[in-house]
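Residue numbers (our numbering): 208 to 561. Working notes for the structure below.
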Amino acid sequence: MGSRIVTMKRQAAELGRIRTGYSRPNPDPDKRPIPVRSETFVFSSHSRDYVAAAAELWGGEVEQWTPQNQKIAQYRVISRAKEIRAILPAGDPLSQAYEMWSGGGCSRRCDGETERLSGQPCLCLARYGPEWHERSPREVCRPTSRIAVMLPDLPDLGVWRLESKSFYAADAMAGGVDIVLQATEGRSLMPVRMWIEQRSVVRHGETKTFPVVMVVPSLPQLRHALAGPIPTAAALDPAVLAGRPAIESGRPDYLAEAARCRTPDEVREVWHRANRAGDVARDGSDELSRQLMQVAADIEAGIDPRTGETHQDEDSPDDGPVDAEIVEDQDDEPVTAHPAAAWPPVARPGGGAR
């Protein structure tokens, strides 16, 4: 097995960028190009093949283009797509900070409380007060959100980075991504819909409009998005979840998962996950806990929980039946369980929450 440098981030290759604006030439050649807010997504990359594939899928014309303040030419397409389907990779794909850039690079990067490059308290807040974000970007840092997504219908394995400097988009984007992370614990892919939503706000008697990139889980039912990590096949084709019987009353089918386990320890891990989700009682007195304990007992006794059939390892002697014990629950109602299956507190061995 290979090894890794533990301090490396191990980021996926960045294939290109997804943008919500572009620039057009200024009639005055001595002035900077004029920025334009786009109602559709703009795709750019160093690879013409990637941009051409995006143009074929979402429309638009491929053109050579050089970003501002750069010398290396790239390719871009101003697509006709107001909405796209993407996949959030495992882990946390969103990075946010208040940033100020100059000709020498990033001069400030702040989390709203501490400026990370200098270690000082937020400079904008100290200088301009709580409403500092309303000031000109030339005076204060700008809220910068970067999110990495995979576009499954484009070539090659890697991510596309979307960057937004909208104050309101930062809040909306973080909310959507955090819901996904809460559901998947960052342990699986998640299919999402992304679209550009035009919004407005009245500030000091003046109405201002701005675009917000929405990122929403794209699954047949909301419960699919909140039921924990999903298979990779479902991330690529969410329709496979439409007939999935693993969701009942908004929670995973823990018993079905336990029936596929091969050892009591694996069943115990299913119980721990149900416990973290609040789907079982911490003391194991609920019906689901009892059923999971019985599945673990059956597996240890050599009984296949899926068929009820007993199987014996040919290399091990028959030790005969294992005596059961009576475990009293809170209502003093006897419950038959294998000694190893009487887990709480809290689902031994070791105890404690996981």
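For each residue, glycine too, the CB sits at the ideal point set by N, CA and C.
Original post:
How is glutamate 322 classed by DSSP in three states: helix, strand or coil?
Top reply: Glutamate 322: strand per DSSP, three-state reduction.
**OP:** Return the first residue and the last residue of the alpha helix (DSSP H) that threonine 391 is part of.
**Re:** 374-391
Subject >> N- and C-terminal bounds of the beta strand (DSSP E) containing tryptophan 402 >> reply: 397-410
**OP:** Assess, as a yes-or-no matter, whether the region 357-377 is touched by the region 279-295 under the definition of 3 or more beta carbon pairs within less than 8 Å.
**Re:** Contact holds: three or more Cβ-Cβ distances are below 8 Å.
Original post:
Tell me which same chain residues have a C-beta within less than 6 Å of the C-beta of tryptophan 272, skipping the five on either side of it?
Top reply: Counting only Cβ-Cβ distances below 6 Å, and skipping sequence neighbours, we find Gln281, Arg283.
Subject >> Nearest candidate by alpha-carbon position, reference isoleucine 437, set Gly319, Pro459, Glu516 >> reply: Pro459
Original post:
Below 7 Å between beta carbons: does that hold for glutamine 303 and serine 352?
Top reply: Contact flag set, yes.
Original post:
Going by DSSP, which residues form a beta bridge with lysine 415?
Top reply: According to DSSP, which records beta bridges pairwise, lysine 415 is partnered with Val408.
Original post:
So valine 387 packs on proline 445, CB below 8 Å; how close in whole Å?
Top reply: That belief does not hold up - the Cβ atoms of valine 387 and proline 445 are roughly 13 Å apart, past 8 Å.
Original post:
Would you call glutamate 455 buried or exposed, if buried means 16 or more other Cβ atoms sit within 10 Å of its Cβ?
Top reply: With a pLDDT of 42 at glutamate 455, under the threshold of 50, the modelled position of that residue is not reliable, and the figure given next carries that caveat. The residue is exposed, with fewer than 16 neighbouring Cβ atoms inside 10 Å.
**OP:** Find the nearest neighbour of glycine 485 within the set Ala434, Ala508, Cys468, Leu443, judged by alpha-carbon distance.
**Re:** Ala434
Original post:
Taking only runs of the beta strand (DSSP E) that begin and end inside the region 308-360, which ones reach a length of at least 3 residues, in chain order?
Top reply: 312-317, 349-356
Subject >> Secondary structure, alpha helix (DSSP H): runs of 4+ residues fully inside the region 450-498 >> reply: 461-466, 471-483
Original post:
Short check: CB of threonine 227 to CB of isoleucine 403, under 7 Å?
Top reply: Cβ atoms of threonine 227 and isoleucine 403: closer than 7 Å.
Original post:
Comparing alpha-carbon positions, which option in His340, Met397, Met401 lies nearest histidine 431?
Top reply: Met397
Original post:
Fully enclosed by the region 415-441, which beta strand (DSSP E) runs are 3 residues long or longer?
Top reply: Qualifying beta strand (DSSP E) stretches: none in this window.
Original post:
Hey, how far is the Cα of phenylalanine 417 from the Cα of histidine 479?
Top reply: 45 Å
Original post:
Relative to the C-alpha of cysteine 317, which residue among Leu332, Gly311, Ser309 is closest?
Top reply: Leu332
**OP:** Please determine, among Arg244, Ile285, Ser492, Tyr305, the residue with the shortest C-alpha to C-alpha distance to leucine 264.
**Re:** The shortest C-alpha separation from leucine 264 is found at Ile285.
Original post:
Would the beta-carbon of alanine 376 fall within 7 Å of that of valine 420?
Top reply: yes
**OP:** Identify, in the order they occur along the chain, each residue of the same chain with its Cβ nearer than 7 Å to the Cβ of phenylalanine 374, setting aside the five sequence neighbours on each side.
**Re:** The answer, listed in chain order, is His340, Pro350.
**OP:** Measure how close the beta-carbons of cysteine 468 and isoleucine 510 come, nearest whole angstrom, since I'm counting them as under 8 Å.
**Re:** With a Cβ gap of about 13 Å, cysteine 468 and isoleucine 510 do not count as contacting.
Subject >> Proximity winner among Val474, Glu516, Leu330, relative to leucine 499 (alpha-carbon distances) >> reply: It is Val474 whose Cα lies nearest to the Cα of leucine 499.
**OP:** Look up alanine 293 in the DSSP assignment and give the residues it is bridged to.
**Re:** Paired residue(s): Val399.
Original post:
Can you list, in chain order, the residues of its chain whose CB lies under 8 Å from that of arginine 406, leaving out five sequence neighbours each side?
Top reply: Around arginine 406, the same chain offers Tyr375, Thr416, Phe417, Pro418, Val419 as residues with beta carbons nearer than 8 Å, after the five sequence neighbours per side are excluded.
Subject >> Distance between tyrosine 335 and glutamine 327 (C-alpha atoms, nearest Å) >> reply: 15 Å
**OP:** Return the chain-ordered list of same chain residues with a C-beta closer than 6 Å to the C-beta of alanine 442, the five sequence neighbours on each side being excluded.
**Re:** Ile294, Leu396, Pro398
Original post:
Count the other CB atoms within 10 Å of the CB of proline 344; is the residue buried (16 or more) or exposed (fewer)?
Top reply: exposed
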